[in-house]
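For the sequence shown, the working numbering assigns the number 1 to the initial residue and increments by one for each residue that follows. One structure is given here, and the rest of the page talks about it.
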Amino acid sequence: MTELSAPFAPDWVSPPGESILDLIEERNWTQAELAQRLGFTEKHVSQLINGKVPLSVDAALRLERVLGSTADFWMNLESNYQRHKARLEAAETHSRWAPWLDELPVKELMSTAAIPKVRLDAKNKPGVVEACLRFFGVASPEEWRSHYGGMQMAFRRSRAEQSDVGAISAWLRLGEREAEKLDGPKYDKARFEQALKTIRGLTCEAPEVFEPQLRRLLHEAGVLLVLVPAIPRAHVSGVARWLSASRPMIQLSLYGKTNDKFWFTFFHEAAHILLHANTKEERKSVFLDDPNTSHADDPQEHEANEWAGDWLIPPEHKAQLASLRSKAAVVAFAQQIGIHPGIVVGRLQHDNLIEPSWMNDLKAGFRFADAV
């Protein structure tokens, strides 16, 4: 993507007083005479001309009668002046807020087109600050810290590295913005459970086959699915959260890119929605997950891991895993239980039944073309 320069923004503004001065000079009037004709004090007229006081509707009507044009003309001059003045003042404020950008993954947000791509120099930083405020939907860095800093209390991390609030909040916000474009029915737990049974069988399919079906099944159950590319330092592959009391969302980053990690993460997030949303407090939780973590200290993370593992490979088949020592055996076992062999390989590696370097060619790597 080509870098853009900052849009033209003049550093000057013209108050209505300049037009007032032009008109009284044409008439050879003094400010004192104008004040007398308007019924204002000379001081008030001076302040009006110099932009020290705003031009009121009453003043606009008086100017219409004394100098001509219309009240709308004078009010539009005032509105434009105040708007440009506010924009210049905001630019100064945004310049003071520029250090906030150090807390955010600005380059990554530019690369995803979440904010305009410009050179990150002193001249452009105020505009980048404004773009980031618009992206996060907050009025200032303080509101950002209050909202996302407060949200930290709801973060349920599966690994200690998940501490970069800027990166995590940017990734979450990308998902929120995609979710805002979607609609659908309210969450139906029974329908969601039924959908998950069908989705398990889709693990054998290629992304172009299973993705539309996955989205449809989740949509019909009232569950949002959003795919957002990973952001460095966020260390998040998936998240389960409730955007409202009846609107759960699964957000995946494709972090890892192999199908065993993708499907385990998906069913792990599904477990959070099924198992950990029984109270209002639980629905405030934001479960941040990484399939590369070797263990989870949080009991709910451990429970979600167990549920996802058992959903993919039911406990009654678990005893067979230790005997799978060849690719042919893995493929046959996967066909027997109806899942992709790459998922079986991932489970064998996770359980230390085979070396991490073994049988990786049975896994499938993929990415979705229409991810954010």
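Idealized CB from N, CA, C, for every residue including glycine.
Span separating the alpha-carbon of residue i from that of residue j
i, j, result
"leucine 218", "threonine 279", "22 Å"
"asparagine 305", "histidine 268", "6 Å"
"leucine 77", "threonine 41", "22 Å"
"glycine 175", "valine 228", "6 Å"
"lysine 186", "arginine 119", "43 Å"
"threonine 203", "valine 129", "42 Å"
"tryptophan 263", "aspartate 310", "13 Å"
"glycine 51", "glutamate 64", "18 Å"
"alanine 32", "proline 105", "58 Å"
"isoleucine 343", "glutamate 316", "17 Å"
"leucine 196", "asparagine 80", "56 Å"
"lysine 117", "glutamine 36", "54 Å"
"aspartate 72", "aspartate 22", "18 Å"
"glutamine 47", "leucine 55", "10 Å"
As assigned by DSSP and simplified to three states, the class of residue i
i, result
"alanine 98", "helix"
"arginine 241", "strand"
"valine 53", "coil"
"leucine 104", "coil"
"valine 374", "Because the chain here runs from 1 to 372, residue 374 falls outside it and cannot be looked at."
"valine 138", "coil"
"histidine 302", "helix"
"histidine 268", "helix"
"asparagine 28", "coil"
"alanine 91", "helix"
"glycine 338", "coil"
"lysine 181", "coil"
"isoleucine 199", "helix"
"lysine 186", "coil"
"serine 79", "helix"
Identity of the residues DSSP links to residue i by a beta bridge
i, result
"leucine 224", "Met249"
"threonine 377", "It is not possible to answer for residue 377, since the shown part of the chain is limited to 1 through 372."
"aspartate 289", "Gly238"
Burial state of residue i, where buried means 16 or more other Cβ atoms lie within 10 Å
i, result
"leucine 34", "buried"
"lysine 318", "exposed"
"leucine 275", "exposed"
"glycine 365", "exposed"
"serine 357", "exposed"
"glutamine 251", "buried"
"glycine 127", "buried"
"serine 146", "exposed"
"glycine 184", "exposed"
"arginine 134", "exposed"
"serine 326", "exposed"
"serine 169", "buried"
"alanine 277", "buried"
"arginine 27", "exposed"
"leucine 265", "Residue identity differs from the one stated: residue 265 is threonine in this sequence, not leucine. Looking at its Cβ environment, which holds 16 or more other Cβ atoms inside 10 Å, threonine 265 is buried."
Nearest candidate by alpha-carbon position, reference residue i, set the options
i, options, result
"alanine 206", "Glu176, Asp102 and Asp260", "Asp260"
"isoleucine 339", "Phe210, Glu143 and Leu174", "Phe210"
"isoleucine 231", "Ser111, Ser146 and Ala86", "Ser111"
"alanine 167", "Ser237, Asn50, Ile313 and Asp72", "Ser237"
"valine 239", "Gln194, Leu101, Ser56 and Trp171", "Trp171"
"serine 244", "Ala270, Thr265 and Arg283", "Arg283"
"arginine 96", "Asn80, Ala329 and Pro141", "Pro141"
"glycine 201", "Met75, Leu214, Asp102 and Ser169", "Leu214"
"arginine 191", "Arg233, Glu220, Pro341 and Asn80", "Glu220"
"valine 66", "Ala98, Glu316, Trp29 and Lys189", "Trp29"
"serine 376", "Glu303, Leu312, Asn352 and Trp100", "The chain is shown only over 1 to 372; residue 376 falls outside these bounds and no answer can be derived."
"serine 285", "Tyr148, Leu61 and Ala122", "Tyr148"
"glutamate 193", "Pro314, Val223, Leu182 and Arg347", "Val223"
"valine 57", "Val45, Met75 and Lys43", "Met75"
"arginine 247", "His235, Leu225, Lys257 and Pro16", "Leu225"
"histidine 235", "Lys257, Met249 and Asp164", "Asp164"
"proline 299", "Ala271, Leu362, Arg177 and Ile115", "Ala271"
Heavy atom of the ligand MG within 8 Å of residue i beta-carbon
i, result
"histidine 272", "Although the ligand MG was asked about, the structure shown includes no ligands whatsoever."
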